[in-house]
Structure formats: C-alpha cells, structure tokens
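Per my numbering, residue 70 is the first one in the sequence shown, and the count goes up by one each step. Take a look at the structure below.
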Amino acid sequence: MGCVKGLSGIWASQELLEVVGNNLANISTPGYKSESVNFQEAFYLTLSGGSPPGEVKGGRNPVQKGMGVMIAGISRDFSQGPIKRTGRATDLAIGGRGFFILSDGRKFYFTRNGRFSLDREGRLVREGTNLFLVGWQSEELGEIEVTGSISPKSVLRIPLGRVYSGRATAKVGLEGVLDPRLDVGQGQSCSFYVYDRLGVEHLLEIEFEKEGDGEWSWTLKD
Numbered sequence: 070m071g072c073v074k075g076l077s078g079i080w081a082s083q084e085l086l087e088v089v090g091n092n093l094a095n096i097s098t099p100g101y102k103s104e105s106v107n108f109q110e111a112f113y114l115t116l117s118g119g120s121p122p123g124e125v126k127g128g129r130n131p132v133q134k135g136m137g138v139m140i141a142g143i144s145r146d147f148s149q150g151p152i153k154r155t156g157r158a159t160d161l162a163i164g165g166r167g168f169f170i171l172s173d174g175r176k177f178y179f180t181r182n183g184r185f186s187l188d189r190e191g192r193l194v195r196e197g198t199n200l201f202l203v204g205w206q207s208e209e210l211g212e213i214e215v216t217g218s219i220s221p222k223s224v225l226r227i228p229l230g231r232v233y234s235g236r237a238t239a240k241v242g243l244e245g246v247l248d249p250r251l252d253v254g255q256g257q258s259c260s261f262y263v264y265d266r267l268g269v270e271h272l273l274e275i276e277f278e279k280e281g282d283g284e285w286s287w288t289l290k291d
C-alpha cells in the first residue's frame, strides 16, 4: 500500500508540472487564462464512523485511512489581465466579465482572445481559425439594439469602403487610483485621444495635483 501512496504523489506532481508548463508556454498568448491544480487527500477505508454531538458530549470525527493524494480538479483564473495597445485596428479586448462569441456557422465558441482580422467580406475572423465573430449589428450612428437572441449565422460584418461622417468625442471615461503617498503639490498625469467632428485625432493630457488628504484638482491640456 505504501507503493500506491508514493505513486499517487508522483502522478499528482506530474499533473502539476504539466499545468505549470502549459502556463509558462502561454505566458505571451493573448487572452490566455492561467490554470492551477487543486489537490485532495484520497481515502479508501473508514476505521470508525463519525457521530453527531450530544447533550453532554461533543461529536466525533470519522477515522479514515488514506491512500495518498489525488487531483480534485483544475481551476482556471478568469480575472482580467492588462489591456495593451497592439497597433492593429481589428484587435479587441473585453473590460470586465464576458467572452467574444465565435461561430463556424453551426455552433458557438467562446474566447477572451480578441486578435481578429478582416476577410474580403468584412467579417471579423479569429486569427488561426475559421471562426467568425457573431453578435448584434450596430446602427449607422453606432447604437446597438439588443433584440432577441443571436444564432450561429449572426456574423458581424464591417461595410468595407463605406464612408461615415465624423462624430466628435462626447464622453471620456477614466479609471485608476491616484497615489495617496504623494505630497501636497505633487501630481500625476495621463493622456488620451479624442476626435473632432471632422474625425481629426487630438491628444489631450490631464494632470491631477494633490491639494490635501483625499483632495485633488485637475487640469486638462491639449
């Protein structure tokens, strides 16, 4: 029996090494979610059963003889990783929870990897596959009306060569935490792009200056 216990530890360690190796091999894969192995003790014989607590005496745990370790399961970390610029207009990312829905025309597939490219028909195809991005098509002004359910045939298409009039940036959202360790008078800054009604890009910079504990002022510069 001691040999079986030793083998169970070897098998469990081998599974752990495979998972760790897979994580390392995909460290630069866009959208990859790391995995971790959960272990549990393996029991094969109960020497004495447990008992519930009584009025005077507490309960008793069962006495079990183990045979080693086993894999309870492999869990995947779905927390969001950093979003980076790629310089490609067709690369997408999801902020928060959710998945891209892909289709081969018959069934759905789900992924967090947003590396897409356009085919000749204006469809967004997941690179390295024959899977197309599906969803609800937006209107001309960019509004998306979610009605009903989508099907594997609901492939999104971008009308190539179509010219739209420019729309000025109306709203900008910023997320982050200002460093509370800064002294009064010190600050932080960040920059972002906006567009005018002609579609011309402008780089703006916003500066935050600490005025006191929990008090900040900001200045916007172009």
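Just so you know, even glycine gets a beta-carbon here, dropped at the ideal spot from N, CA and C.
Query                                                                                                                   : Result
Rounded separation between Val88 and Tyr178 - CA only                                                                   : 23 angstroms
Cβ-Cβ distance between Gly174 and Pro228 below 9 angstroms                                                              : no
Below-9 angstroms beta-carbon distance, Ser105 vs any chain D residue                                                   : Here chain D cannot be found, since the structure has a single protein chain.
Segment contact flag, the region 95-106 with the region 133-151, C-beta cutoff 8 angstroms, min 3 pairs                 : yes
DSSP-derived helix/strand/coil call for Ile96                                                                           : coil
Ala162, enclosing beta strand (DSSP E) - first and last residue                                                         : Careful: Ala162 lies outside any beta strand (DSSP E) and carries neither H nor E.
Spatial distance of Gly128 from Gly135 (CA atoms)                                                                       : 22 angstroms
At least 3 beta-carbon pairs within less than 8 angstroms: the region 181-199 vs the region 210-222                     : no
Own chain partners of Gly268 with C-beta closer than 6 angstroms, once the 5 adjacent residues on each side are dropped : Gly235
Boundaries (first-last residue) of the beta strand (DSSP E) holding Ile170                                              : 169-172
CA-to-CA distance, Val253 to Thr238, given in whole angstroms                                                           : 33 angstroms
Cβ neighbour criterion (16 or more within 10 Å) applied to Lys279                                                       : buried
Residue interval of the beta strand (DSSP E) (run including Trp205)                                                     : No beta strand (DSSP E) holds Trp205; DSSP gives it neither H nor E.
Meets three-Cβ-pair contact criterion under 8 angstroms: the region 118-125 and the region 79-95                        : no
As assigned by DSSP and simplified to three states, the class of Gln133                                                 : strand
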